[in-house]
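See structure below.
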Amino acid sequence: MVDVDYFYQRIGKVYDICEQWRNEVLDTTLASYKPDVVILGNASSYPFTPEEWVDGSARVYEKVAQHASQVVVIAGTPQLRVNGPSCVARPLQSADNSPSGECGADYTLQSRTAKVKTYQEQAAQSLSNVH
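Under the working numbering, residues 2 to 132 are what the sequence shown spells out, in order.
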């Protein structure tokens, strides 16, 4: 939930569908519902700069915090480079029950996820109802 344009290489343009949805929720929907709790989350794999993560998240958190009693931000999790359920099931489906090395995690993503979590914490610092 960062209010920064995201250029999506695969389609060759700014991916504005999420932006449209986010703006509708932040500008219209939240005000009409006045929720007690809002839970936010996003992937940590977007290539935003540290400033974009902090400032873009802070702007979103501020808007949500105006309409909700409590805002809970869930840190992103690393993306697997493989199909997780298939990797877990593979040893169960064969005579060889040894774990497969190709199912291992990419630990560089964990480092990125930790950094993004820090940026999200910075973005929420000044808002008493954002955790």
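Note that the Cβ used here is the ideal one computed from N, Cα and C, for glycine as well.
Asked: Among residues of its own chain, excluding the 5 on either side of Gln71, which ones have a beta-carbon nearer than 6 Å to its beta-carbon?; Found: Val38, Asn130
Asked: Along the beta strand (DSSP E) that carries Leu41, what are the first and last residues, could you check?; Found: 38-42
Asked: Among all the DSSP beta bridges, which residues are the ones paired with Ile75?; Found: Gly42
Asked: Give me the DSSP bridge partner(s) of Lys14.; Found: Tyr9
Asked: Which one of Pro86, Asp4, Gln10, Asp28 has the shortest CA to CA distance from Glu20?; Found: Asp4
Asked: Use the C-beta contact count for Gln10: other C-beta atoms within 10 angstroms, 16 or more gives buried, fewer gives exposed.; Found: exposed
Asked: DSSP on Val131, reduced to helix/strand/coil?; Found: strand
Asked: Are at least three pairs of beta-carbons, each pair with one atom in the segment 42-56 and one in the segment 64-83, less than 8 Å apart?; Found: yes
Asked: Which value, in whole angstroms, describes the spacing of the CA atoms of Val83 and Asp6?; Found: 28 Å
Asked: So, for Phe8: in the same chain, excluding its five sequence neighbours on each side, which residues have a beta-carbon less than 6 Å away from its beta-carbon?; Found: Val15
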